[in-house]
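Undergrad: For reference, the structure I am asking about is given below.
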Amino acid sequence: MLSSTFTLPSAGPVIHMHEIPPTAAMRRWTVSVDGGLALFRCAPWLEDHTADRVLPRLWPGRGFGVSDTDAPGLAAAVAETMKAPAYWTASHRVGRRWQDQPWAPPRLDPDDRFLYLAGPCGKPDDTAGYRPAYHLPIALPDLRGLPIRLTAHLRAATPDRV
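So, in structure tokens, the structure goes:
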């Protein structure tokens with residue numbers, strides 16, 4: 011459920027932004043829903059000149075990467091976002107078949123311990139490669155399938171968990 015609605019003045023139409031109430035499972039992640047877009051933010055656990063190395067990484071339109079330690083919090087943040095009425099409204103408008111899967115299976119880079127997921131994250135542009143990012147923008151209908159990919163990776167990484 012969404013906790014609050016903020017109305018932001020702008021030169022154009024009024025923008026309504028909803029904050030998803032944080033849970034303990036979300037850890038350092040916060041989520042704002044702005045129209046049909048979810049903005050995922052992860053507070054870096056480093057606050058110095060090297061913080062970029064722990065920030066999520068975004069390749070606009072191609073996918074994103076998160077630290078392996080931040081993946082459980084992201085999975086929880088996505089799950090909470092999918093409980094919001096805005097998610098269901100946006101998904102219904104698109105009318106995508108339920109079996110469509112926009113996300114590729116995650117890949118864990120053994121060197122930097124980042125989990126990379128190819129899929130519709132951010133607005134495509136002409137940049138190449140992953141860059142540190144403070145926000146991971148994902149269209150609400152595109153969230154479908156993301157919890158499945160994240161949870162499958164997390165369960166495989168810790169087989170003793172049920």
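Residue numbering for the sequence shown follows the numbering used here, beginning at 11 and increasing consecutively. Note that beta-carbon positions come from the ideal geometry of N, C-alpha and C, so glycine has one too.
Just to confirm the assignment, what range does the alpha helix (DSSP H) spanning Pro157 have?
TA: Element bounds for Pro157: 156 to 167.
Undergrad: Give me the residue from Gly45, Asp110, Thr40, Leu68 with the minimum Cα distance to Phe124.
TA: Checked all of Gly45, Asp110, Thr40, Leu68; the closest Cα to Phe124 is Leu68.
Undergrad: Is the distance from the Cβ of Gly71 to the Cβ of Gly132 below 8 Å?
TA: Result yes, Cβ atoms of Gly71 and Gly132 sit closer than 8 Å.
Undergrad: Using three-state DSSP, classify Leu127 as helix, strand or coil.
TA: Of the three classes helix, strand and coil, the one that applies to Leu127 here is strand, per DSSP.
Undergrad: Where Tyr140 and Gly73 are concerned, what is the direct C-alpha to C-alpha distance, given to the nearest angstrom?
TA: Answer to the nearest angstrom: the Cα atoms are 8 Å apart.
Undergrad: Return the chain-ordered list of same chain residues with a C-beta closer than 6 Å to the C-beta of His145, the five sequence neighbours on each side being excluded.
TA: Result list for His145: Leu49, Arg51, in chain order.
Undergrad: Determine the closest residue to Glu29 out of Thr40, His59, Met36, with distance taken between C-alpha atoms.
TA: Nearest C-alpha to Glu29: Thr40.
Undergrad: Going along the chain, which residues of its own chain have a beta-carbon closer than 6 Å to the beta-carbon of Leu12, five neighbours each way excluded?
TA: Residue confidence is low: Leu12 scores 40 on pLDDT, short of 50, so the model does not pin down where it sits. Its coordinate-derived value is still stated next. Correct list, in chain order: His28, Ala94.
Undergrad: Run through the stretch 68 to 130 for me and flag every whole beta strand (DSSP E) of 3 or more residues, listed as ranges in chain order.
TA: Runs of the beta strand (DSSP E) inside the stretch 68 to 130: 73 to 77, 117 to 119, 124 to 128.
Undergrad: Would Pro147 pass as a contact of Asp62 if the rule is Cβ separation under 8 Å?
TA: It is not a contact, given that the beta carbons lie outside the stated cut-off.
Undergrad: Could you tell me whether any Cβ in chain C is nearer than 8 Å to the Cβ of His163?
TA: The structure shown has no chain C; it contains just one protein chain.
Undergrad: Output the distance between the C-alpha atoms of Asp58 and Pro66, rounded to the nearest integer angstrom.
TA: Answer to the nearest angstrom: the Cα atoms are 16 Å apart.
Undergrad: Among Val88, Thr161, Ser42, Asp78, whose alpha-carbon lies nearest the alpha-carbon of Asp121?
TA: Nearest option by C-alpha distance: Asp78.
Undergrad: Cα separation between Leu160 and Leu118?
TA: Roughly 11 Å separates the two Cα atoms.
Undergrad: For Pro54, which residues of its own chain have a beta-carbon under 7 Å away from its beta-carbon, when the five flanking residues on both sides are left out?
TA: Within the same chain, Pro54 has close Cβ partners Ala61, Val64, Leu65.
Undergrad: Enumerate in chain order the residues of its own chain whose CB-to-CB distance from Ala128 is below 6 Å, with the five nearest sequence positions on each side excluded.
TA: So the qualifying residues of the chain are Gly73, Ala114.
Undergrad: Classify Pro151 as helix, strand or coil using the three-state DSSP reduction.
TA: Note: Pro151 maps to helix in three-state DSSP.
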